DNA sequence: AACTACATCAACCTTTTTTCTTGATCTGCT
DNA sequence: AGCAGATCAAGAAAAAAGGTTGATGTAGTT
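Chains as they are written, first to last, in our numbering: chain A, 745 to 939; chain B, 745 to 939.
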């Protein structure tokens, strides 16, 4: 069952009894989503916190001039959402779209509230998640600010080698803050070097 | 301006003064939507009643076994929505997707309520819409129940000749209640006959 | 038992769309 | 002037969407 995966994941962060685990997991709903479908769209409230069981997602914003800016990718064992929309329950400004046929586990906002109220350990889990996420973003921002396009690409390759084959290049470029064309040239240069 | 089109349309149904017309039209927002984009998705409330200025839409449901059932097509001067979701403001069960790049005029639920409260004529308009829609669906159901696949196709051709070139065949098949393959054969047979 | 109306499955083809690449030209900095 | 990177345009390559066909199956009629 696909909730086993979330269970295994959780065990890395909190120690839960069988009943606690059961309670936690039963708050999630499994959903299958086909490639290129949106699970979050601007103007609609992001109703769920979602855990990726299988598949790949991209979170991005569209600027006024039409340019897309990718904020996050997510594959197996990652979480996705328009986080601002979710925690404040305000209309989303981001798109969250599948890059492949995917299976997810979704936790509704009010169920999350209930969990946190019910048991302190659940609260702990969400706190840890948030702190790790925040720390991650800090590292990312700092790195991006201080490195060239090529270095950012190299770094991505190093840290997320398993993402590279699964995300389209235009999306990766927009994540790394450069144009598709420029990324194409960087890759081309690298592979020529290697051979 | 694209609201002129809605204006012309309205004039077929109700006689409004300039101010009334202005009030009515100003409750709509113009939106552009690219091909293959969803304006309504299951689990999200259908927030707008939408009038098609330009383009084409398909409304469909996905059954548990994954089969798609097309409920409605809409092109210029038609309305689309998940009607159940809209009027009850409950989560949608249907998808509404563009078949072409489109321009629409959207009326938010609460604005519609305000209009109806403000002026009896607006109420009349919505009543007429609903009644015509209901009558149309009655005819459709009766016809479908009593005719063969080929007859249903012929009938569609006769009643909506301008839809045929614009909707994909798999969508039309699922609207007419047959498989893509079977529709393909029907068409093939017909065109052979003609030549 | 044969016939009709239609479904299912699989393979395949065609067309359209998406994604990626490349060359040329430009810009703002150092 | 030289570098990092953008923009624009044209193509090529890859993937997806849409459509066709043959084979085979089935339920209900005649």
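Idealized CB from N, CA, C, for every residue including glycine.
All values reported here derive from a predicted model rather than from experimental measurement.
| field | Within-8 Å CB hit, residue 795 of chain A to chain B | value | no
| message | Suppose the cutoff is 6 Å on Cβ atoms and the five residues either side in sequence are ignored; what does the same chain contact list for residue 867 of chain B look like? | response | 860
| request: Specify, as a first and last residue, the run of the beta strand (DSSP E) that residue 818 of chain A falls within. | output: 812-818
| said: Would residue 782 of chain B pass as an interface residue toward chain A - the criterion being a Cβ-Cβ separation below 8 Å? | reply: yes
| request: Name the residue from B:924, B:776, B:844, B:777 whose alpha carbon lies nearest to the alpha carbon of residue 893 of chain B. | output: B:924
| query | Nearest CA to the CA of residue 810 of chain B: which residue from A:824, A:763, A:778? | reply | A:778
| residue 788 of chain A versus chain B: which residues are under 7 Å apart at the beta carbon? | 788
| request: Give the straight-line distance between the Cα atoms of residue 758 of chain A and residue 822 of chain B, rounded to the nearest whole angstrom. | output: 54 Å
| message | For a cutoff of 8 Å on Cβ pairs, would you count residue 774 of chain A as touching chain B? | response | no
| How many angstroms separate the CA atom of residue 785 of chain A from the CA atom of residue 917 of chain A? | 21 Å
| Residue ranges of each beta strand (DSSP E) within the segment 861-927 of chain B, 3 or longer | none
| Rounded to a whole number of angstroms, what is the C-alpha to C-alpha distance between residue 939 of chain B and residue 830 of chain B? | Any answer about residue 939 of chain B is weak, because its pLDDT of 46 lies below 50 and its placement is not dependable; what the coordinates show is given next. Approximately 47 Å, taken between the alpha carbons.
| task | Please confirm if the segment 780-795 of chain A is in contact with the segment 835-842 of chain A, defined as three or more CB-CB distances below 8 Å between the two stretches. | result | yes
| field | Reduced DSSP category for residue 754 of chain A - H, G, I as helix; E, B as strand; rest coil | value | helix
| If we ignore side chains and look at the alpha-carbon of each, how far apart do residue 774 of chain A and residue 879 of chain B end up? | 39 Å
| query | Quick one, are the C-beta atoms of residue 824 of chain B and residue 797 of chain B less than 8 Å apart? | reply | no
| field | Residue ranges of each alpha helix (DSSP H) within the segment 755-800 of chain B, 4 or longer | value | 762-769
| field | Neighbourhood of residue 747 of chain B by C-beta, 8 Å cutoff - its chain only, sequence neighbours within 5 removed | value | 769, 772, 774, 849
| message | By alpha-carbon positions, which one of B:915, B:934, B:890, B:882 ends up nearest to residue 812 of chain B? | response | B:915
| request: Check residue 858 of chain A in the structure and name its three-state DSSP category. | output: helix
| field | 8 Å Cβ shell around residue 863 of chain A - same chain, five flanking residues per side excluded | value | 764, 767
| For residue 846 of chain B, the first and last residue of its enclosing alpha helix (DSSP H) | Where residue 846 of chain B is concerned, there is no enclosing alpha helix (DSSP H), although the beta strand (DSSP E) it sits in stretches over 846-852.
| message | Please report the distance separating the alpha-carbon of residue 853 of chain A from that of residue 781 of chain A. | response | 21 Å
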